[in-house]
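In UniProt numbering, the protein residues as written are 1 to 201.
Next up, the structure:
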């Protein structure tokens, strides 16, 4: 998965967890509000009963009955308060558990994001290495082209030098042939002079 997909998953998970927590809070607050109303009503009833007991002129049996009813209602109130506290504790634990789950999911997504970032950084480093190698190959290729061009020029120069040497060798050959011919002519002339000298002598 891409980093953008992981971030989108993280955002959705956070939103869902926040919505769940908000629902729990709303439910918890509604329960507490309801329990507070019930507790207030019971307190009002108890206060009314207490006033009734205080001002009652009925028989002792009636007073005992009212007292017993008061005791029962007080016990019911205590039970209601106990259930309210238990519900509050349960909701608090549930919220803490949900928040812990959200935190764990956030940590998981964060680790996945960090892993993707590390992978992206590794890819960037590999791309930089490849780019560096490409640049090095380009430089070496350009150097080879320059060296090939230099060799071509030197070969052309050597070709011109060899052609000049060949031409000079041909000229020297012709000069040597001319010298040989002239030497032969001089030899014949000397032989002719020697013969004529002998004839005159």
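Glycine is no exception: its CB is placed at the ideal position from the N, C-alpha and C atoms.
Quick caveat, the model's predicted, so the values are computed rather than measured.
Ranked by Cα distance from residue 15, the options 196, 106 and 149 are led by 106. Distances from the alpha-carbon of residue 19 to those of 186, 154, 95 and 145 put 95 closest. Straight-line spacing of the CA atoms in residue 128 and residue 91 works out to 54 Å. In this structure, residue 88 lies away from residue 24, with their beta-carbon atoms at least 8 Å apart. Rounded to whole angstroms, the gap between the alpha carbons of residue 79 and residue 72 is 10 Å. Distance from the CA of residue 198 to the CA of residue 175, rounded to the nearest whole angstrom, comes to 34 Å. Residue 196 and residue 163 have their C-alpha atoms some 49 Å from each other. 37 is the residue among 187, 140 and 37 whose C-alpha sits nearest the C-alpha of residue 84.
CA-CA distance, residue 179 to residue 188, rounds to 14 Å.
One alpha carbon belongs to residue 143, the other to residue 112, and they sit about 46 Å apart. Distance between residue 12 and residue 109, taken at the CA atoms: about 11 Å.
Rounded to the nearest whole angstrom, the C-alpha separation of residue 158 and residue 125 is 49 Å. Contact check for residue 74 against residue 46 passes: the beta carbons are separated by less than 8 Å. Just so you know, the alpha carbons of residue 30 and residue 67 end up roughly 33 Å apart.
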